[in-house]
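Q:
There are 4 protein chains.
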Amino acid sequence: MQYSIRPATGVPIYQQLRDQIAAGIARGKLRPNERLPSVRDLSQTMVVNPNTIARAYTELEREGLLYTRPGLGVFVAEAPAPASKKVRRERLQKSLDALLVEAVQLGCSSDELMELVAERAKQFEWAESTAG
Amino acid sequence: MQYSIRPATGVPIYQQLRDQIAAGIARGKLRPNERLPSVRDLSQTMVVNPNTIARAYTELEREGLLYTRPGLGVFVAEAPAPASKKVRRERLQKSLDALLVEAVQLGCSSDELMELVAERAKQFEWAESTAG
Amino acid sequence: MQYSIRPATGVPIYQQLRDQIAAGIARGKLRPNERLPSVRDLSQTMVVNPNTIARAYTELEREGLLYTRPGLGVFVAEAPAPASKKVRRERLQKSLDALLVEAVQLGCSSDELMELVAERAKQFEWAESTAG
Amino acid sequence: MQYSIRPATGVPIYQQLRDQIAAGIARGKLRPNERLPSVRDLSQTMVVNPNTIARAYTELEREGLLYTRPGLGVFVAEAPAPASKKVRRERLQKSLDALLVEAVQLGCSSDELMELVAERAKQFEWAESTAG
DNA sequence: GTGGTCTAGACCACA
DNA sequence: GTGGTCTAGACCACC
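Structure below.
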């Protein structure tokens, strides 16, 4: 997988990397138990300090998306047990509102937004069933 | 209009204010050419440093959402020329992907997400027509 | 509050500090919305690198025990909404088993352990009611 | 005796094995002077590097829980002289406080914790008497 | 070889 | 003044 960092955005490098890895897992580009590049390798490839790479990995491990096998490397975790419907709604609220505010400010119609969401959603890997 | 600041979130105060004003304009609660409270007044009402209020106003002016008439105060700008469909899509891509990644990781199904978006979208004020 | 670090234990400094602050909050020595010493001050007092202090604070913020007000400092958060009984049991399992294994290995009797727990528990601040 | 290793936990493999053997001894599943599987056999059974098995055995020998008869294998040691009550209390303090801090932060009541401890304690094998 | 911890010191955003 | 990010480089534990 390829990672692209834009230093001028103000978004921290470790965050950009974290987001791209998380997206890779969500979209199925990174499979469970797949090994990620080592901190040292990736830091050389991306021309970024090893600590910064390590921080992205650490964040993702805390979130349960990666796990570390000491001495062996960092790996993609199995998909976690699904949260309840209520929890899902609460957690998504913030990102959803951010999207809606942006859409409104851009003069995007409701229909256009729904279409855009549906379109993009096809490219993601969805769980087959959903717990209540 | 009323503004609510949550100090414990880590989101800078000036940005919380900026977002609430921007949302107010987008949702029509603040009308073009309406005058906003003065920096001094608002800083007293909200018990916040005047510099912080000023910064929120400055950001919004830079974005073209407000304009200043020296000696008279700060006002809501006219609605800007709508962006092209292509530009809208590009701008929304980032927030949309963030939402989708979160949804997938929460084990939220595609249908459930669409339903959630549609539901919440009803509560926003949309432009009636959309330029291409 | 006073913090004591034992460098020879193998337990990371940032962890020791984290644990002591967490204990301070649990035992009521640190009150909600109380301000903690600044990273720079504490790093001088404890003769530890500022990054190490910052890491302890960051961990606690992620856990929801502290919050940061940008430019002002770090503060103790309000007590969070209680978890369900089932969740509580699961989360405590690990620490509880560690305690029991240790007790057994030391040749401590079951009664003696219960007595020890009861004794020490009196010194902690307990929630008045418990959600199911 | 069966050993189960969870690679995704971040806990070193040698330590997981060490803990399970120690617990086995404490709970009487492994009897004094009983022979343990050879490093080579166990490393094959568990699909783990022999060095890792050896390290677990070495640690336990250092702690006095195992002893080696060169050319014959590794054996469970006799039960050690019980620690004094004071020593037991001191040693348990740390784990106990960790448990209490967690319980408080989870909103677990004092009674609920005592009940939980008592319940779980029944499943452990306790020494019949305790020296002072 | 792997990641984890700690130090030192620079730079930036926020109030 | 506050904390947050990033770099540089050292040392350790694990496999």
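Protein chains in written order, with the working numbering: chain W, 1 to 132; chain V, 1001 to 1132; chain L, 2001 to 2132; chain Z, 3001 to 3132. Even for Gly, the Cβ is constructed at its ideal location relative to N, Cα and C. Everything numeric in this text was worked out from a predicted model, so none of it was measured.
To which residues does DSSP link VAL3076/Z through a beta bridge?
A: VAL3076/Z is bridged to LEU3066/Z.
Q: Could you check if GLN3020/Z is buried or exposed, using at least 16 other CB atoms within 10 Å of its CB as the buried criterion?
A: Buried: at least 16 other Cβ atoms inside 10 Å.
Q: Check ARG3035/Z in the structure and name its three-state DSSP category.
A: ARG3035/Z falls in the strand class under three-state DSSP.
Q: Residues of chain V with CB closer than 9 Å to the CB of ALA2077/L, please, in chain order.
A: Within chain V, the residues near ALA2077/L are ALA1008.
Q: Along the alpha helix (DSSP H) that carries VAL47/W, what are the first and last residues, could you check?
A: That residue, VAL47/W, is in no alpha helix (DSSP H); it is neither H nor E in DSSP.
Q: Just checking my contact of TYR3014/Z with MET3046/Z at CB under 8 Å: how many whole Å lie between their CB atoms?
A: Actually they do not touch by this definition, with Cβ atoms about 11 Å apart.
Q: Taking 8 Å as the limit between beta carbons, can you name the residues of its chain near PRO3037/Z, skipping five residues before and five after?
A: Here the set comprises THR3045.
Q: Does the distance from the CB of LEU1113/V to the CB of LEU116/W come in under 8 Å?
A: In this structure, LEU116/W does not lie closer than 8 Å to LEU1113/V by Cβ.
Q: CB-CB under 8 Å to THR2130/L, same chain, minus the five flanking residues each way: which ones, in chain order?
A: Residue placement at THR2130/L is poorly supported in this model, since its pLDDT is 49, which falls under 50; the coordinates still yield a value, given next. PRO2082, LYS2085.
Q: Pull up the distance between the alpha-carbon of SER2109/L and that of GLN2093/L, whole angstroms please.
A: Roughly 20 Å between the two C-alpha positions.
Q: State the CB to CB distance for the pair ARG3018/Z and GLU3078/Z, rounded to an integer number of angstroms; the pair is presumed to be in contact (CB under 8 Å).
A: Between GLU3078/Z and ARG3018/Z the Cβ distance is about 19 Å, and since that is not below 8 Å, they are no contact.
Q: Quick one: which chain L residues come within Cβ less than 7 Å of PRO1012/V?
A: Residues of chain L passing the Cβ test: PRO2070.
Q: Between ARG1120/V and LEU100/W, how many whole angstroms is the CB-CB distance? I'm expecting something under 8 Å.
A: So it is a contact: roughly 6 Å between Cβ atoms.
Q: DSSP three-state call for SER1095/V: helix, strand or coil?
A: DSSP places SER1095/V in helix when its eight states are reduced to three.
Q: If you follow the alpha helix (DSSP H) that GLU2125/L is in, where does it begin and where does it stop?
A: Note, GLU2125/L: premise wrong, no alpha helix (DSSP H); not H, not E.
Q: Under 8 Å, do GLN123/W and ALA1022/V count as touching if we go by C-beta distance?
A: Result no, Cβ atoms of GLN123/W and ALA1022/V do not sit closer than 8 Å.
Q: Please work out which residues of its chain come closer than 6 Å, Cβ to Cβ, to VAL3039/Z, disregarding the five sequence neighbours upstream and downstream, and give them in chain order.
A: These residues qualify, in order along the chain: PRO3050, ILE3053, ALA3054.
Q: Measure the Cβ-Cβ separation of ARG3031/Z and VAL3074/Z and say whether it is below 8 Å.
A: No, they are not a contact pair.
Q: Please classify LEU2113/L: does DSSP put it in a helix, a strand, or coil?
A: It is helical.
Q: What residues from chain Z crowd round GLU2125/L, counting only those whose CB sits closer than 8 Å?
A: Per Cβ cutoff of 8 Å: VAL3104.
Q: Out of curiosity, what's the CA-to-CA distance linking VAL11/W and ALA3026/Z?
A: Each residue's alpha carbon lies about 52 Å from the other.
Q: How big is the Cα-Cα spacing for GLY3028/Z and PRO3007/Z?
A: Spanning the two alpha carbons is a distance of roughly 26 Å.
Q: Using the C-alpha atoms, what's the distance from GLN2016/L back to VAL1087/V?
A: So the two alpha carbons sit approximately 51 Å from each other.
Q: Just verifying my parser: in three-state terms, what is the DSSP assignment at TYR1057/V?
A: In the structure shown, TYR1057/V sits in a helix (DSSP, three-state: H, G or I).
Q: Using a Cβ-Cβ distance under 8 Å, would MET3001/Z count as near chain L?
A: Chain L, which has no Cβ nearer than 8 Å to the Cβ of MET3001/Z, makes this no.
Q: Can you give me the Cβ contacts of GLY3024/Z inside the same chain, cut-off strictly under 7 Å, excluding the 5 residues immediately before and after it?
A: Cβ within range, chain order: MET3001, LEU3030.
Q: At 8 Å on the CB atoms, spell out the chain L contacts of ALA3121/Z, in chain order.
A: Within 8 Å Cβ-Cβ: LEU2100, SER2110, LEU2113, MET2114.
Q: Within a Cβ cutoff of 6 Å, which residues of the same chain sit near ARG2035/L, ignoring the five residues on either side of it in sequence?
A: If we look at ARG2035/L and ignore the five residues flanking it on each side, its Cβ neighbours are GLY2073, PHE2075.
Q: Among residues of its own chain, excluding the 5 on either side of ALA3056/Z, which ones have a beta-carbon nearer than 6 Å to its beta-carbon?
A: Result list for ALA3056/Z: TYR3014, LEU3017, ARG3018, in chain order.
Q: Use the C-beta contact count for GLY2064/L: other C-beta atoms within 10 angstroms, 16 or more gives buried, fewer gives exposed.
A: It is exposed - the Cβ of GLY2064/L has fewer than 16 other Cβ atoms within 10 Å.
Q: For my contact list, GLU3102/Z and ARG2091/L are in at a C-beta cut-off of 8 Å; report their separation, rounded to the angstrom.
A: Correct: roughly 7 Å between the Cβ atoms.
Q: According to DSSP, is PRO12/W helix, strand or coil?
A: Reduced to three states, the DSSP call for PRO12/W is coil.
Q: Is it right to say GLY1071/V is buried, meaning 16 or more other beta carbons lie within 10 angstroms of its own, or is it exposed?
A: Answer is exposed; the Cβ neighbour count stays below 16.
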